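Those sequence lines, one after another, are chains A and B. Under UniProt numbering, the residues of the first sequence are numbered 1 to 183, in order. Under UniProt numbering, the residues of the second sequence are numbered 1 to 183, in order. Ideal Cβ placement from N, Cα and C applies to all residues, glycine included. Nothing here was measured: the structure is a model prediction, and the numbers come from that model. Below is one structure; the comments refer to it alone.
There are 2 protein chains.
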Amino acid sequence: MKPADTSIPKKNTPGKRHRTGEARRVQGEAGAPSFNARIEGIDYDVLEELTGYAVRRAQLSIYDDFAATLGVEGITPQRFSSLVIIGSNPGISQTRLAEVMGIARSGVVSIIDNFEQAGLVERQDSGDRRSYMLRLTPDGQRQLKKYKTAVREHDDRVAQQLSADERQQLRNLLGKLCIGPKA
Amino acid sequence: MKPADTSIPKKNTPGKRHRTGEARRVQGEAGAPSFNARIEGIDYDVLEELTGYAVRRAQLSIYDDFAATLGVEGITPQRFSSLVIIGSNPGISQTRLAEVMGIARSGVVSIIDNFEQAGLVERQDSGDRRSYMLRLTPDGQRQLKKYKTAVREHDDRVAQQLSADERQQLRNLLGKLCIGPKA
Numbered sequence: 001m002k003p004a005d006t007s008i009p010k011k012n013t014p015g016k017r018h019r020t021g022e023a024r025r026v027q028g029e030a031g032a033p034s035f036n037a038r039i040e041g042i043d044y045d046v047l048e049e050l051t052g053y054a055v056r057r058a059q060l061s062i063y064d065d066f067a068a069t070l071g072v073e074g075i076t077p078q079r080f081s082s083l084v085i086i087g088s089n090p091g092i093s094q095t096r097l098a099e100v101m102g103i104a105r106s107g108v109v110s111i112i113d114n115f116e117q118a119g120l121v122e123r124q125d126s127g128d129r130r131s132y133m134l135r136l137t138p139d140g141q142r143q144l145k146k147y148k149t150a151v152r153e154h155d156d157r158v159a160q161q162l163s164a165d166e167r168q169q170l171r172n173l174l175g176k177l178c179i180g181p182k183a
Numbered sequence: 001m002k003p004a005d006t007s008i009p010k011k012n013t014p015g016k017r018h019r020t021g022e023a024r025r026v027q028g029e030a031g032a033p034s035f036n037a038r039i040e041g042i043d044y045d046v047l048e049e050l051t052g053y054a055v056r057r058a059q060l061s062i063y064d065d066f067a068a069t070l071g072v073e074g075i076t077p078q079r080f081s082s083l084v085i086i087g088s089n090p091g092i093s094q095t096r097l098a099e100v101m102g103i104a105r106s107g108v109v110s111i112i113d114n115f116e117q118a119g120l121v122e123r124q125d126s127g128d129r130r131s132y133m134l135r136l137t138p139d140g141q142r143q144l145k146k147y148k149t150a151v152r153e154h155d156d157r158v159a160q161q162l163s164a165d166e167r168q169q170l171r172n173l174l175g176k177l178c179i180g181p182k183a
């Protein structure tokens, strides 16, 4: 049994559709296998040559490990990132958080509703409904500290076969992907 | 106007819920900003140090470029991978495809329903309903060839700042992530 007050309620809003058509990889869903990057006897064809697929493949494996580590708390990578950004940018608006996360404002509103319900984040009225200022509550700060420790452990496990130099090299190479002409 | 017969119908199955609680990054959704990996004035805190976040950040940027390139055809990275795997492993079962993709069998069934409707994939009865054999139709083969060309172009653009050696190095480093003790 896990204590009810430390977990964020799983969101299951009726009417939220699955609009891109990508099948969700659902934590704990019956029949959802964990991602195995290379299955014997399968010809991956062009996928083997694509940088994008290598990143996607890594991302799927990392997501599985993250879910196994923090999924029971109702924390996903996206929720974790949101909490971190609110924690290190107190007073940030929902609109700006949406921009940082690269998701629609409606998505952020729903994430924040959830955090508010769990008592981790509070919205402070700035006079303009569109620009609520977001802050962690004292409980949110405590929980985030705990999540950070768990995520660091997860991250170290994920990258355990890389030296510190290789991790830096990987970050540098990833940082050079998809940078438009403006950068 | 795009010719109706070359695009895969967008899936919008009622009742499909958004079960993990992660806000979807929806192609073309009103208000969904494209992902900007570094926004000025934002303190990313621990996220800057996490290998997992670097991978996620790259993945989000790549996804945006993929969507801009192939989204109009109704093709997502997941659908593209499915078509490639079916193309290079003709006769593969839905169960095995689910395993390769790391998604629930129900997700694969829905992807295949969609491809079947678009005339790209056919299910061949193997006598056991659970093990339909999947094959591309002649039209599926033609479309996949076209998609491969578009995806290669997208991938070259995404990785344009990396030399061939750096791309290989990146693939090697990514391949070392999240490998369990068995590997």
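Amino acids of chain B, ordered along the chain, whose beta-carbon sits closer than 7 Å to that of residue i
i              : result
residue 70(A)  : In chain order: nothing, as chain B lies at least about 11 Å away.
residue 121(A) : The contacting residues do not exist; residue 121(A) stays about 15 Å from chain B at best.
Neighbour list for residue i in chain B, Cβ cutoff strictly below 8 Å
i              : result
residue 54(A)  : 170, 171, 174, 175
residue 167(A) : 51
residue 138(A) : Those within 8 Å of residue 138(A) in chain B number zero; the least Cβ separation is about 18 Å.
residue 148(A) : 46
residue 125(A) : By Cβ distance, chain B contributes nothing, its closest Cβ being about 22 Å from residue 125(A), past 8 Å.
Proximal chain A residues relative to residue i, where beta-carbon distance stays under 8 Å
i             : result
residue 60(B) : 102
Whether residue i touches residue j by CB criterion (7 Å)
i              : j              : result
residue 137(A) : residue 116(A) : no
residue 45(B)  : residue 84(A)  : yes
residue 59(B)  : residue 59(A)  : yes
residue 144(A) : residue 87(A)  : yes
residue 111(B) : residue 82(B)  : yes
residue 152(A) : residue 159(A) : no
residue 76(B)  : residue 154(B) : no
residue 89(A)  : residue 39(B)  : no
Same chain only: Cβ atoms within 8 Å of residue i, ignoring 5 sequence neighbours per side
i              : result
residue 107(B) : 98, 101
residue 124(B) : 91, 132, 133, 134, 135
residue 177(A) : 51, 55
residue 175(A) : none
residue 120(B) : 8, 83, 136, 137, 139, 140, 143, 144
residue 109(A) : 94
residue 147(B) : 70, 73, 75, 80, 83
residue 105(A) : 94, 95, 98
Interface residues of chain A facing residue i [CB-CB closer than 7 Å]
i              : result
residue 39(B)  : 99, 100
residue 35(B)  : 102
residue 128(B) : Correct list: empty, because the minimum Cβ distance to chain A is about 17 Å.
residue 155(B) : 50, 51, 52
Neighbourhood of residue i by C-beta, 7 Å cutoff - its chain only, sequence neighbours within 5 removed
i              : result
residue 37(A)  : 57, 61
residue 150(B) : 69, 70
residue 164(A) : none
residue 53(A)  : 47
Listed by chain order, chain A residues near residue i by CB distance under 9 Å
i             : result
residue 83(B) : Residues of chain A passing the Cβ test: none, with the nearest at roughly 10 Å.
residue 66(B) : 52
Residues near residue i in its chain [Cβ-Cβ closer than 6 Å; skip 5 each side]
i              : result
residue 35(A)  : 60, 61, 64
residue 157(B) : none
residue 128(B) : none
residue 172(B) : none
residue 21(A)  : Because the pLDDT at residue 21(A) is just 41, under 50, the model does not fix this residue reliably, and the value given afterwards should be weighed accordingly. Within the same chain, residue 21(A) has no close Cβ partners at all.
residue 126(B) : 133
residue 6(B)   : Note that residue 6(B) scores a pLDDT of 46, beneath 50, so its modelled location is shaky and nothing firm can be said.
Contacts that residue i makes with chain B (C-beta to C-beta distance below 9 Å)
i             : result
residue 88(A) : 42, 43, 44, 45, 46, 47
Exercise. If you scan the UniProt domain "HTH marR-type" (44 to 179) of chain B from start to end, which runs of the beta strand (DSSP E) of 3 or more residues do you find wholly inside it?
Worked result: 121 to 124, 133 to 136
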